[in-house]
Amino acid sequence: MTRSLWLDTTQGTARRQPPLPTAADVVVLGAGIAGLTTAYLLARTGRSVLVLEAHEIGGGVSGHTTAKLTAQHELIYHRIGDAAARYGGSQLAALEWVFATAADNGIDCDLERTDSHVHTTDPAQLPELRAEVAAAVAAGLPAEYVDTIDPPLGAVGAVRFRGQAQFHPRKWLLGLAQLTEADGGQIIEGVRATGLREGDPSIVRTTAGSVRAKDVVVATHYPIFDRGLFFARLEPTRDLVVAGPASREVTGTYLDARTHHSVRAVPTPDGRQVVVGGEHYRVGDHVDVNARFAKLAAWAREHVGLTEVRYRWSAHDMSTVDSVPYVGRYHPRASHLWVATGFGQWGMTGGTAAGMLLRDLVAGEDNEYADLYDPNRFSVRAAAGMVTANATVAKFLAGDHVRALAKPGLANLRPGEARVTSTVAAYRDESGALHAVRAHCTHLGCLVAFNNAERTWDCPCHGSRFDVDGQVIQGPAVHPLRRVNGKEER
Numbered sequence: 001m002t003r004s005l006w007l008d009t010t011q012g013t014a015r016r017q018p019p020l021p022t023a024a025d026v027v028v029l030g031a032g033i034a035g036l037t038t039a040y041l042l043a044r045t046g047r048s049v050l051v052l053e054a055h056e057i058g059g060g061v062s063g064h065t066t067a068k069l070t071a072q073h074e075l076i077y078h079r080i081g082d083a084a085a086r087y088g089g090s091q092l093a094a095l096e097w098v099f100a101t102a103a104d105n106g107i108d109c110d111l112e113r114t115d116s117h118v119h120t121t122d123p124a125q126l127p128e129l130r131a132e133v134a135a136a137v138a139a140g141l142p143a144e145y146v147d148t149i150d151p152p153l154g155a156v157g158a159v160r161f162r163g164q165a166q167f168h169p170r171k172w173l174l175g176l177a178q179l180t181e182a183d184g185g186q187i188i189e190g191v192r193a194t195g196l197r198e199g200d201p202s203i204v205r206t207t208a209g210s211v212r213a214k215d216v217v218v219a220t221h222y223p224i225f226d227r228g229l230f231f232a233r234l235e236p237t238r239d240l241v242v243a244g245p246a247s248r249e250v251t252g253t254y255l256d257a258r259t260h261h262s263v264r265a266v267p268t269p270d271g272r273q274v275v276v277g278g279e280h281y282r283v284g285d286h287v288d289v290n291a292r293f294a295k296l297a298a299w300a301r302e303h304v305g306l307t308e309v310r311y312r313w314s315a316h317d318m319s320t321v322d323s324v325p326y327v328g329r330y331h332p333r334a335s336h337l338w339v340a341t342g343f344g345q346w347g348m349t350g351g352t353a354a355g356m357l358l359r360d361l362v363a364g365e366d367n368e369y370a371d372l373y374d375p376n377r378f379s380v381r382a383a384a385g386m387v388t389a390n391a392t393v394a395k396f397l398a399g400d401h402v403r404a405l406a407k408p409g410l411a412n413l414r415p416g417e418a419r420v421t422s423t424v425a426a427y428r429d430e431s432g433a434l435h436a437v438r439a440h441c442t443h444l445g446c447l448v449a450f451n452n453a454e455r456t457w458d459c460p461c462h463g464s465r466f467d468v469d470g471q472v473i474q475g476p477a478v479h480p481l482r483r484v485n486g487k488e489e490r
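Counting from 1, one number per residue, gives the positions in the sequence shown under the UniProt record's numbering.
Shown next as structure tokens:
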């Protein structure tokens, strides 16, 4: 069983209230950081705003993060050259907007200032850390190099950003939802978008009917509509997270640039707990996720004194080929279709900055960051990244089909086991019941792989995830895996 601390320690108001309205000025798909920031800011302009969320507010990526609110995004600034100052400025502006909005509206979301650190346990990486400090300082960011951190975490050096923050993302989102509704916006949970016809107006098809909108904002983490070729420009990865009480005090936020282990603390009704992330892998890789959770917990016990794993969950990230998110027009010809995606591990400030940008774009106003985040930008470096990403997809398409052909059928599948054949993905639960579905992802047909910790079918090509009965958990897939009886593979 996996459950996010952020979801477990909050209780939202159910917003399941079909029938759907027939029209809105703006339809926002997704009630995470990017979606609700956009919705709130647009509702304040007097537009009628409808937010559709497939699960619950914050139930997607935003509720499964480690929730570091910082402009320090690993070691990005020495890699993005002339864009560093504007990128850093947009992220700092987003951070300060969260503080101002929380203070002005009384949102209690455990928001607190703290220093952020990116360290390394490898001496060979120290020159890169020093280069990052130089680039960040030149960009006007509060960076400095330090030799040690506390807790030590095996670090041999670190980049510190002073005055960053952390918060409880679900509490923040519930506060934003209330503000959006107070300004006339409507939020409906449990409704999934399944299609779109662009036009004037556009028509969004959903599991609860269709709705017309002048503008449509897609903030579904991975863009769910197959236009814009985002499947060729995004890489899906997962990081595991464990949380619980610990014997060592943690006062800042920490990330190992080499191993991706991250650490922060959070106040809970049961006292302060640590949140530890790591064990990064590509979605759908053939890995033992349970073993990786165990390895992460062992690391946390050794380095921060974790005494009990009370929560464990995973974070789903999408990274762009040049490390800068895609925020703006969905495709070059789009006039009223917008997107926000590709935040990597940094969606708390990244998604907030996206909402601030999208507010201006939808309203037809200038924004100094529009070209920086333009989803339709292109560069030689980006082209090389696309070649690499698509080569990885091709590897999965070819290799997984070969492996599946060599696997036995399903007759001898024991309780707790899962298997993917050339046509069927099957899992036998602990009671002996067989859950069998078509093995090909409904997005572009890649073979799914079993995640033994979360008991999900994960697509290695573009990151779609399904439960054992084939229902969509995360896109880009919008249609479920078809259930079968499993007899054809016996």
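Glycine included, C-beta positions come from ideal geometry on N, C-alpha and C.
Item, Value
"Given that a residue counts as buried once 16 or more other Cβ atoms are within 10 Å of its Cβ, and exposed if not, what is Thr456?", "buried"
"Can you list, in chain order, the residues of its chain with a C-beta nearer than 6 Å to that of Thr13? Leave out the 5 residues immediately preceding and following it.", "none"
"What separation, rounded to the nearest whole angstrom, lies between the Cα atoms of Leu357 and Leu173?", "18 Å"
"Any contact of the region 263 to 275 with the region 212 to 224, i.e. 3+ C-beta pairs under 8 Å?", "no"
"Looking only at its own chain, which residues have a Cβ that is under 6 Å from the Cβ of Asp469, when we skip the five neighbours before and after it?", "His435"
"Cα separation between residue 555 and Ile203?", "The shown model of the chain, from 1 to 490, leaves out residue 555, and the question about it has no answer."
"What does Ala39 pair with, by DSSP beta-bridge criteria?", "In the DSSP output, where bridge partners are listed per residue, Ala39 has none listed."
"Can the beta-carbon of Gly463 be found closer than 9 Å to that of Tyr77?", "no"
"What's the gap between the Cα of Ala71 and the Cα of Gly432?", "49 Å"
"Determine which residues share a DSSP beta bridge with His435 and list them.", "Tyr427"
"Run through the region 442 to 490 for me and flag every whole beta strand (DSSP E) of 3 or more residues, listed as ranges in chain order.", "449 to 451, 456 to 458, 465 to 467, 472 to 474"
"Quick check on Ala103: buried or exposed, where buried means 16 or more other Cβ atoms within 10 Å of its Cβ?", "exposed"
"Quick check: what's the CA-CA separation for Phe466 versus Ala425?", "11 Å"
"Apart from the five residues just before and just after Leu20, which ones in its own chain have a Cβ nearer than 6 Å to its Cβ?", "Ala208, Gly209, Val211"
"In the region 305 to 356, which residue ranges form an unbroken beta strand (DSSP E) of at least 3 residues, counting only runs that do not cross its ends?", "311 to 320, 326 to 329, 337 to 341"
"Please look up how many angstroms separate the CB atoms of Asp115 and Phe161, rounded, as I've assumed it's under 8 Å.", "7 Å"
"On the three-state DSSP scale, how would you describe Ile107?", "coil"
"Within the same chain, show all residues whose beta-carbon is closer than 6 Å to that of Ala158, passing over the 5 residues directly before and after it, in chain order.", "His117, His119, Val146, Ile149"
"Using the DSSP secondary-structure output, state which residues sit across from Val250 in a beta bridge.", "Paired residue(s): none; Val250 is not in a bridge."
"Name, in chain order, the residues that DSSP records as bridge partners for Gln164.", "Thr114"
"Under 9 Å between C-beta atoms, does Tyr326 make it to chain B?", "This model lacks chain B altogether, as it is built from one protein chain only."
"On the DSSP bridge list, what partners appear for Val216?", "Val27, Leu337"
"Per the DSSP calculation, Ser202 is bridged to which residue(s)?", "Ala213"
"Decide yes or no for the touch test of the region 339 to 354 against the region 297 to 314: beta carbon pairs closer than 8 Å, at least 3 of them.", "no"
"I'd like the list of long-range same chain contacts for Arg192, defined as Cβ closer than 6 Å, with 5 residues on each side in sequence excluded.", "Ala54, Thr207"
"Among Thr65, Glu235, Asp285, whose alpha-carbon lies nearest the alpha-carbon of Leu7?", "Thr65"
"Report the three-state DSSP secondary structure of Tyr281 (helix, strand or coil).", "strand"
"Three or more C-beta pairs closer than 8 Å, one from the region 285 to 293 and one from the region 185 to 199: is that the case here?", "no"
"Could you check the C-alpha separation between Leu316 and Ile473 for me, to the nearest Å?", "Before going further, note that residue 316 is His rather than Leu in the sequence given. Going by the C-alpha atoms only, they are around 11 Å apart."
"Leu337: which of Gly32, Arg197, Glu144 sits nearest, CA to CA?", "Arg197"
"Could you check how far apart the C-beta atoms of residue 492 and Leu240 are, in whole angstroms? I think they sit under 8 Å.", "Since the first and last residues shown for the chain are 1 and 490, residue 492 lies out of range."
"Hey, would you say His280 sits closer than 9 Å to Thr237, going by beta carbons?", "yes"
"Please report the distance separating the alpha-carbon of Leu255 from that of Gln164.", "14 Å"
"Which of helix, strand or coil does DSSP assign to Ser4?", "coil"
"Tell me where the beta strand (DSSP E) around Pro236 begins and ends.", "234 to 244"
"How far does the alpha helix (DSSP H) with Tyr373 in it reach, from first residue to last?", "370 to 373"
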